[in-house]
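Everything on this sheet refers to the single structure shown next.
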Amino acid sequence: MIVTRFAPSPTGLLHAGNYRTALFAYLFAVKNGGKFLLRIEDTDKARSKKEFEDNILESLAWLGLGYEGLCRQSERTAIYTSYIKKLIDADKAYISKEEIKNEGDRAEVIRFRNPGKKVSFNDVIRGKVEFDTTELGDFVIARSMEEPVFHLAVVVDDFEMGVTHVLRGEDHISNTPRHILIQEALGFPVPSYAHLPLLLSTDRSKLSKRKGALPITAYRDQGFLKEAIVNYMALLGWNPGTTQEILSMDELVKLFDLEQIQKSGAVFSEEKIKWVNKQYINKMSDADFKAYAMKFIPENSPIPAAKLERIIPVLKDRIHTFGEVTELLSPTGELGSLWTSPSFEKEKLLWKQDSDLSVPKSHLAHIASVLEGLSEETFASPETVKQTLWGYAEEKGRGSVLWPMRFSLSGKEKSPDPFTLAHILGKEETISRIKRAHDIL
RNA sequence: GGCCCUAUCGUCUAACGGCUAGGACGGAAGCUUUUCAAGCUUCAAACCAGGGUUCGAUUCCCUGUAGGGUCACCA
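Okay, structure coming up:
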């Protein structure tokens, strides 16, 4: 059976690069009916923090990457100790007296007795990779009998847990010969290694917090859908071999293949992930959309429920991330004037091709009189409002009629069309705004 | 610098020796009911360089160049 694992170290907030690795390991395991394990690598006691571990668990749960067999290396010291002893007894490792160079250094550590030979392995993605391990020297495998270093702990755990395929970032490729040396010394089988291409910042260096990489939960908080994040991450360094770009988790599982993984690093594009998110927003039902959008509307929002109901489709059409809901509805946002009275200078009501304020004044007077005669039901959709005024607008010039109408309703250079605005505002408020604009002219 | 990995439009990528090098994001233009957004259509945009191998190379090999990773008692 195929067993993969995600082995993050809780020393900081993990970004998309880390979760992309987790996603690939998950997809590969699930596709093959195998197991996907989670192992928290907290052997660095000084830097490991509970809050970071919590964030990892929260992120995996949100993304829907289900794992089994969660474990922490900090709880497995007895196991490591036994293997360290084994190595020392076999004279494959030894206790070494050290000079203390840095704070925290120990006077004694355990070093691996490096046979100093060439080690090669067949990377699933890159093919044969060969290293001369001589230059590694007798590297440290433990700070003490109870404190293994990453290299030892990884090898022991992957063996103990039956990991068959190690999918990890390309930055680990140079650690692999060390791991193989330890495996050979312990008599462990060598798992398959697949070193994934790195995710890059826009300057093409490794993605990192310093280079602006956000923790995955920040994307959630900005209003990205988990489906979009998963979809986009899967497409960085992998493709289904077709031009299909919108893929559900089920489709990803079905199509995923290590053969299709790219060898070179990929830049994470904020633009494209927004586009992907938009595709998923388009697919949501209005009810689902509303439920999700409500999380981004402040509790004490002054927007009346009835209006909100009519604003929802407009929001759905315009946003790429749900965070934009908050912006759009803020007083200065594009839809802000839907629930606060607009104020503007009367010159704004003049359509660019008209020369005289008397033109919009007469149009507004006409519009007001037409609207007065309409029933409330007419405002139930933008279309029905449009029908009552379209003929007039065609006759007098669309811009000349529609621009002042739209501006008097929104008070903004940019806004939805006037019929949609009228629909949202309702009969009474629409007429009142148009009259107010008419009166200042 | 040593070692290792990589190299197609600005970005993500397709091509598994043989077509005008295809798609997507972004960009530009146009259309669509006035503005904005959305949508639709169209356009611009790439095989890192030089040697081989071959009837034929973006594709295979070599060298160079460039970029990246890694050189911890961090993972």
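Sequential numbering of the first sequence, starting at 404, is according to my numbering. All C-beta atoms in this analysis are idealised placements derived from N, C-alpha and C, irrespective of residue type, glycine included. Since the model is a prediction, treat every value here as computed from it, not as a measurement.
According to the neighbour-count rule (16 or more other Cβ atoms, all chains shown, within 10 Å of its Cβ), is residue i buried or exposed?
i      : result
Gly519 : exposed
Asp445 : buried
Asp560 : buried
Arg571 : buried
Leu473 : exposed
Gln790 : exposed
Asn680 : buried
Asn703 : exposed
Gln663 : exposed
Gln647 : exposed
Thr424 : buried
Asn525 : exposed
Ala696 : buried
Ile843 : exposed
Lys764 : buried
Arg836 : buried
Ser412 : buried
Gly469 : exposed
Pro592 : exposed
Ala493 : exposed
Ala771 : buried
Pro701 : exposed
Ala449 : exposed
Glu831 : exposed
Ser740 : buried
Trp806 : buried
Alpha carbon to alpha carbon, how far is residue i from residue j?
i      : j      : result
Leu639 : Tyr422 : 12 Å
Phe627 : Thr724 : 5 Å
Gly540 : Leu430 : 37 Å
Asp689 : Pro643 : 30 Å
Trp742 : Leu828 : 8 Å
Ser818 : Thr833 : 15 Å
Lys675 : Thr480 : 44 Å
Leu625 : Thr823 : The identity of residue 625 in the sequence shown is Gln, whereas the question assumes Leu. Rounded to the nearest angstrom, the two C-alpha atoms are 27 Å apart.
Leu792 : Phe810 : 16 Å
Ala708 : Val762 : 36 Å
Asp820 : Ala616 : 38 Å
Leu441 : Glu506 : 32 Å
Ile585 : Ile405 : 22 Å
Phe747 : Val717 : 23 Å
Glu630 : Arg721 : 19 Å
Arg713 : Ala694 : 14 Å
Ile528 : Leu812 : 59 Å
Ala588 : Ile684 : 53 Å
Thr620 : Gly794 : 51 Å
Pro785 : Phe659 : 45 Å
Lys504 : Lys612 : 28 Å
Ser595 : Thr605 : 31 Å
Gln476 : Leu731 : 47 Å
His568 : His826 : 58 Å
Thr787 : Thr781 : 6 Å
Short of 6 Å in beta carbon distance, which residues of its chain neighbour residue i, apart from the five on each side in sequence? Order them along the chain.
i      : result
Ile649 : Gln682
Pro580 : Val522, Phe534, Thr536
Gln665 : Pro600, Gly640
Tyr486 : Val559
Thr729 : Phe699
Leu655 : Leu430, Ala637
Met808 : Ile770, Pro821
Near residue i, what residues of its chain come up, given a Cβ to Cβ distance below 7 Å and the 5 sequence neighbours on each side ignored?
i      : result
Ile482 : Val559, Glu563
Leu428 : For the sequence presented, residue 428 should be read as Ala rather than Leu. Cβ neighbours of Ala428 beyond the five flanking positions: Thr407, Arg408, Phe409, Phe439, Leu570.
Asp759 : none
Ser853 : The requested residue 853 does not occur in the structure, where the chain is confined to residues 404 to 844.
Ala669 : Pro600, Leu602, Leu603, Leu639, Gly640
Tyr622 : Ile632
Pro551 : Thr446, Tyr483, Ile487, Ile544, Ala545
Pro734 : Thr743
CB-CB under 8 Å to residue i, same chain, minus the five flanking residues each way: which ones, in chain order?
i      : result
Gly436 : Met404, Ile405
Met652 : Gly467, Glu630, Val633
Ile491 : Tyr497, Ile498, Ile513
In chain order, what are the residue ranges of uninterrupted alpha helix (DSSP H) at least 4 long that sit wholly in the segment 472–497? 480–492
Entirely enclosed alpha helix (DSSP H) segments - the segment 607–672, minimum 4 residues: 619–624, 629–637, 652–658
Touch check for the segment 453–464 and the segment 635–650: three-plus C-beta pairs under 8 Å? no
With a threshold of 8 Å, are at least 3 pairs of Cβ atoms found where one atom belongs to the segment 800–817 and the other to the segment 746–756? yes
Return the chain-ordered ranges of every alpha helix (DSSP H) run that is complete within the segment 541–609 and spans a minimum of 4 residues. 553–563, 579–589
Is the segment 459–470 touching the segment 495–502, taking contact as three or more C-beta pairs under 8 Å? no
Residue ranges of each alpha helix (DSSP H) run of no fewer than 4 residues wholly in the segment 716–792, ordered along the chain? 726–732, 761–775
At 3 residues or longer, what runs of the beta strand (DSSP E) sit wholly inside the segment 509–540? 511–515, 521–526, 530–535
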